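Chemist: First, the structure itself, so that you have it in front of you.
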Amino acid sequence: MTTHTRLTNREVAAILAGVAARLQILDANRFRIIAFQNAAESIRTLAQDINAIDAAGELTSIQGVGKGIGDAIHTLLVNGSDPEFDALFAQVPQGVVDMMQVPDMGPKKAKRLWEELGIDSVAALRAAAEAGKLRDLKGFGAKSEEKILKGIELLAKRTERGDGERMPIGVVRPLALHMIAELQAKLPAGAIERIEIAGSLRRWKETIGDVDILCLSAQPALVMETFRTLPEVADILGAGETKSSVVLGNGLQVDLRVVERKHWGAALQYFTGSKEHNVAVRELALKQGWSLNEYGLTATGAGDAPAGEERFFEEEADLYAFLRLEWVPPELRENRGEVAAAQQHTLPALLTLADLQGELHGHTTWSDGVASVAEMAEAARARGYHYWNVSDHSVGLGIVQGVDGEKLRRQRVEIDAYNRRCAEADIDFRLLQGSEVEILADGALGLPDDVLAGLDVVVASIHSAQRQDRETITARCLKAIYNPHVDILGHPTGRLLGERPPTEIDMERILQACRETGTVVEINANPARLDVNDLYARRAVELGCKLAINCDAHSPQDLTLAEYGVGVARRGWLTAADVINTRPVDAMLALLKDAQRNAHDQP
DNA sequence: GCCGTTTTCGGCCCGACTGTTTTCAGTCG
Ligand SMILES: Nc1nc2c(ncn2[C@H]2C[C@H](O)[C@@H](COP(=O)(O)OP(=O)(O)OP(=O)(O)O)O2)c(=O)[nH]1
Ligand SMILES: [Mg+2]
Ligand SMILES: [Mg+2]
Ligand SMILES: [Zn+2]
């Protein structure tokens with residue numbers, strides 16, 4: 000019996016991060032601080048509910064959670080608070096922690112301003128800087144004040160955007176590609192030998208903190224000068240000999256690093272990250288007697304090579320190979336087991352965009368799509384697909400004109416006619432007829448079973464009453480999953496990146512039910528959704544589920560979004576075998592039929 | 001505070017850029 004509300008993974012992670020921040024300000028042991036940061040990050044990126052893990056007594060199985068932090072989390076979950084954490088939170092005000100969000104304001108500066116000038120909020124910091132009160136402090140000058148004011152402005156700009164400082168990959172990626180194209184166009188031919196996106200964008204993370212670009216050039220100064228003067232650049236944060244940092248008008252930061260050829264391999268490895276992956280690889284290198292930085296390896300003397308001996312790598316793969324590691328696809332570089340797998344040479348063969356044979360969720364003018372059935376089919380064929388499931392919305396969705404049984408009968412005629420034309424022209428393409436059937440508030444579906452039975456592939460999803468409590472919305476989806484006509488659970492968590500948090504749905508129970516019934520879990524590739532995300536995708540496969548990658552296209556252009564879904568899948572360690580729409584149409588349909596035959600009654 | 005195909009103790013990644021530092025700390029990548 001608990002009297003407090005259940006803490007989410009995100010909330011527990013935030014508390015641990017808050018502890019780490021306060022320990023930083025109090026100048027605690029730096030490894031203790033890192034331990035709390037690591038535990039926070041680990042829990043933030045956990046696919047399973049921390050309460051369930053605690054209930055199973057398995058907290059210390061979480062990477063970075065040992066006895067100390069494990070016990071504290073347990074106390075937190077059971078009592079709603081932990082006395083030692085409470086003391087830390089009472090000791091250092093939130094406002095002082097908030098000050099560390101200001102660029103160039105770290106724990107040391109925040110501590111001194113707090114202790115020596117009593118500044119305990121970003122607002123107070125701004126006032127003091129504007130009044131010129133900071134320059135009296137040793138180590139601070141007029142420039143520091145200026146920088147702090149600029150930093151506060153930048154912070155405000157970043158936080159006024161919905162979700163805070165990170166932007167969805169779907170927004171950032173086109174901007175980054177555009178900047179690279181501009182750079183290449185503005186520079187003389189040959190100035191850029193190689194240029195590549197690095198950082199979280201190369202790893203296809205769903206949100207991007209900043210863009211990182213690596214460039215190989217014999218004229219670094221020219222490249223960076225050109226970069227800093229691109230039209231979209233609003234401000235220059237830093238400009239040194241090897242790297243520059245700028246801010247665009249929309250608040251997005253872009254970092255450029257320029258290197259010479261012999262450093263390319265190590266530099267790309269470094270700049271791709273993640274930080275946690277880099278640390279893991281560098282620790283492994285040390286065990287082999289080599290110190291790794293962004294230039295290459297230097298022997299420490301602890302191994303066979305004499306101390307000071309250097310190794311350089313023109314290609315990233317050469318560096319991994321030297322460390323006796325399989326080359327790690329960037330999407331896996333999150334220190335979630337990939338380094339160990341690379342050592343064993345057991346990394347998964349990740350699926351690729353080219354593996355997709357068709358899609359199973361998309362819309363036409365029969366509901367809220369902007370193109371006809373034939374137009375969408377042509378677009379799908381142009382993508383190299385061999386099938387596409389017409390899954391217009393069912394009735395039950397307020398604003399959208401739904402497709403009922405009668406309309407489906409007429410739509411079937413149109414689909415059959417298109418397929419007949421393909422067959423006559425000997426074209427290996429087939430339209431399927433389905434529905435994106437609404438899971439109504441009580442778990443009933445927006446179409447009757449006898450109508451669903453006549454469809455090829457049924458996607459069930461939620462677009463309304465998304466604020467139901469955890470038990471209600473989970474039971475609602477379970478009911479749909481156990482309907483034998485439902486083939487795919489569409490965008491299961493309902494989140495919209497930067498706009499709407501996921502519903503309270505218990506994904507562990509949902510995924511277990513999907514595995515039980517053979518219901519396929521969707522990776523909705525629309526970059527506003529990316530739902531399920533990488534973590535749930537990986538968990539789904541662990542539990543034995545199959546997945547489908549769908550653009551949920553409402554227009555022909557939307558089909559280009561598939562690459563974002565593939566990014567999620569690869570980050571979830573998925574192979575082609577895990578994703579049903581990598582199969583030819585008949586094999587894919589046979590798989591769904593099998594699941595239907597083996598369907599269980601809902602317990 | 002966490003962790004272990006060399007360890008249950010003794011490690012824990014490494015460098016660029018900035019400012020006022022007169023020799024390097026702080027912050028960030
Ligand atoms: N070895 C090492 N590499 C780091 C560290 N911090 C950052 N890096 C590397 C790996 C990162 O992927 C890369 C770019 O840094 P960013 O701060 O931009 O991080 P990243 O792009 O991964 O995520 P983001 O979405 O920008 O927050 O630099 C560090 O502390 N140590
Ligand atoms: Mg970045
Ligand atoms: Mg960066
Ligand atoms: Zn849809």
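For the first sequence, the residue numbers in numbering that gives the first Met the number 0 are 0 to 602. Glycine included, every Cβ here is placed at the ideal spot set by N, Cα and C. It should be emphasised that the depicted structure is a prediction, and the values quoted were computed from it without experimental measurement.
I'd like to check one pair, Thr574 with Leu350: are the Cβ atoms closer than 8 angstroms?
Modeler: Cβ atoms of Leu350 and Thr574: closer than 8 angstroms.
Chemist: Taking Cβ positions, are Leu176 and Gly250 nearer each other than 8 angstroms?
Modeler: Not closer than 8 angstroms, so no.
Chemist: Is it buried or exposed, Asp530, if we count other Cβ atoms within 10 angstroms and call 16 or more buried?
Modeler: That one is buried.
Chemist: Write down every uninterrupted run of the beta strand (DSSP E) in the region 357-445 whose length is 3 residues or greater and which is fully enclosed by it, in chain order.
Modeler: Taking only runs of at least 3 residues, the beta strand (DSSP E) segments lying wholly in the region 357-445 are 386-389 and 429-437.
Chemist: Return yes when the C-beta of Asn37 is under 7 angstroms from any heavy atom of ligand 1, and no when it is not.
Modeler: Answer for Asn37: no, Cβ out of range of ligand 1.
Chemist: The beta strand (DSSP E) that contains Ala233, what's its start and end?
Modeler: Unbroken beta strand (DSSP E) run through Ala233: Val232 to Ala238.
Chemist: May I ask which residues mark the beginning and end of the beta strand (DSSP E) holding Asn549?
Modeler: Per DSSP, Asn549 belongs to the beta strand (DSSP E) from Leu546 to Asn549.
Chemist: For a quick check, are the C-beta atoms of Val18 and Phe35 less than 8 angstroms apart?
Modeler: A contact, by the Cβ cut-off of 8 angstroms.
Chemist: Starting from the C-beta of Ile191, find all residues in its chain whose C-beta is less than 8 angstroms away, skip the five residues before and the five after it, and write them out in chain order.
Modeler: Leu182, Gln183, Cys214, Leu215, Ser216 and Val222, listed in sequence order.
Chemist: Answer yes if the region 451-466 comes into contact with the region 483-490, meaning at least three C-beta pairs across the two stretches below 8 angstroms, and no otherwise.
Modeler: Yes: the two stretches touch, three or more of their Cβ pairs being nearer than 8 angstroms.
Chemist: Taking the beta strand (DSSP E) that Thr351 falls in, what are its first and last residues?
Modeler: Here Thr351 belongs to no beta strand (DSSP E), and DSSP marks it neither H nor E.
Chemist: Determine the contact status of Arg260 and Gly208, defining contact as a CB-CB distance below 8 angstroms.
Modeler: Not in contact: Arg260 and Gly208 (Cβ atoms no closer than 8 angstroms).
Chemist: Am I right that Val567 and Ile522 are in contact with their C-beta atoms under 8 angstroms? What's the rounded C-beta distance?
Modeler: The Cβ separation is near 5 angstroms, so the contact holds.
Chemist: Report back the beta-carbon spacing between Gly433 and Asn388 to the nearest angstrom; my notes put them in contact at under 8 angstroms.
Modeler: With 8 angstroms as the limit, Gly433 and Asn388 qualify as a contact, their Cβ atoms being about 5 angstroms apart.
Chemist: Can you have a look at Gly517 and say buried or exposed, based on whether 16 or more other CB atoms are within 10 angstroms of its CB?
Modeler: So Gly517 counts as buried.
Chemist: Among Asn597, Gly497 and Gln465, which has the Cα closest to the Cα of Glu159?
Modeler: Comparing Cα-Cα distances from Glu159 to each of Asn597, Gly497 and Gln465, the minimum goes to Gly497.
Chemist: Tell whether a beta-carbon distance below 8 angstroms holds between Leu15 and Ala39.
Modeler: Yes, these two residues count as a Cβ contact at 8 angstroms.
Chemist: Would Pro219 and Pro526 qualify as a contact pair, given that the criterion is a beta-carbon distance under 8 angstroms?
Modeler: No, the pair does not count as a contact, with Cβ atoms beyond the cut-off.
Chemist: Ala551: beta carbon under 7 angstroms from a heavy atom of ligand 4?
Modeler: Looking at the sequence itself, residue 551 is Asp, so the reference to Ala does not match. At least one heavy atom of ligand 4 is nearer than 7 angstroms to the Cβ of Asp551, so yes.
Chemist: Between the C-alpha atoms of His490 and Thr559, what's the straight-line distance to the nearest angstrom?
Modeler: Going from the Cα of His490 to the Cα of Thr559 covers about 18 angstroms.
Chemist: Kindly identify the DSSP beta-bridge partner or partners of Gln252.
Modeler: The partner list for Gln252 (beta bridge, DSSP) reads Asp209 and Val246.
Chemist: Just mark Arg256 as buried or exposed, buried being the case when its beta carbon has 16 or more other beta carbons within 10 Å.
Modeler: It is buried - the Cβ of Arg256 has at least 16 other Cβ atoms within 10 Å.
Chemist: Given a cut-off of 8 angstroms, decide if Ala512 and Ile480 are closer than it, judged by their beta-carbon atoms.
Modeler: A contact, by the Cβ cut-off of 8 angstroms.
Chemist: Leu291: which of Val278, Val519 and Lys142 sits nearest, CA to CA?
Modeler: Leu291 has its Cα closest to that of Val278, out of Val278, Val519 and Lys142.
Chemist: Do you know how far the Cα of Tyr386 is from the Cα of Val372?
Modeler: Spanning the two alpha carbons is a distance of roughly 12 angstroms.
Chemist: Use the C-beta contact count for Ala379: other C-beta atoms within 10 angstroms, 16 or more gives buried, fewer gives exposed.
Modeler: Counting Cβ neighbours within 10 Å, Ala379 comes out buried, since at least 16 surround it.
Chemist: Quick one: Cα of Gly63 to Cα of Phe88, how far?
Modeler: Cα to Cα, the separation comes out at about 22 angstroms.
Chemist: Quick one: what does DSSP say Ile522 is sitting in, helix, strand or coil?
Modeler: Strand, per DSSP.
Chemist: Taking DSSP as the reference, what is the three-state secondary structure of Leu560?
Modeler: Correct three-state label for Leu560: helix.
Chemist: So does Glu515 have its beta carbon nearer than 7 angstroms to some heavy atom of ligand 4?
Modeler: Answer for Glu515: no, Cβ out of range of ligand 4.
Chemist: Could you give the C-beta distance for Thr581 and Asp354, rounded to a whole number, given that I count them as a contact under 8 angstroms?
Modeler: With a Cβ gap of about 4 angstroms, Thr581 and Asp354 count as contacting.
Chemist: Just to check, is the beta-carbon of Asp81 closer than 7 angstroms to a non-hydrogen atom of ligand 1?
Modeler: No, since every heavy atom of ligand 1 falls outside the 7 angstroms radius drawn around the Cβ of Asp81.
Chemist: Quick one: give me the first and last residue of the beta strand (DSSP E) that Ala197 is part of.
Modeler: That run of the beta strand (DSSP E) goes Arg193 to Ala197.
Chemist: Taking the runs of the alpha helix (DSSP H) that are 4 residues or longer, which of them lie wholly in the region 248-330?
Modeler: For the region 248-330, whole alpha helix (DSSP H) runs of length 4 or above, ordered along the chain, are 263-271, 274-286 and 315-321.
Chemist: By a C-beta neighbour count over all protein chains shown, 10 Å radius and 16 as the cutoff for buried, is Val412 buried or exposed?
Modeler: Per the 10 Å Cβ criterion, exposed.
Chemist: Is the beta carbon of Gly489 within less than 7 angstroms of some heavy atom of ligand 4?
Modeler: Yes, since a heavy atom of ligand 4 falls inside the 7 angstroms radius drawn around the Cβ of Gly489.
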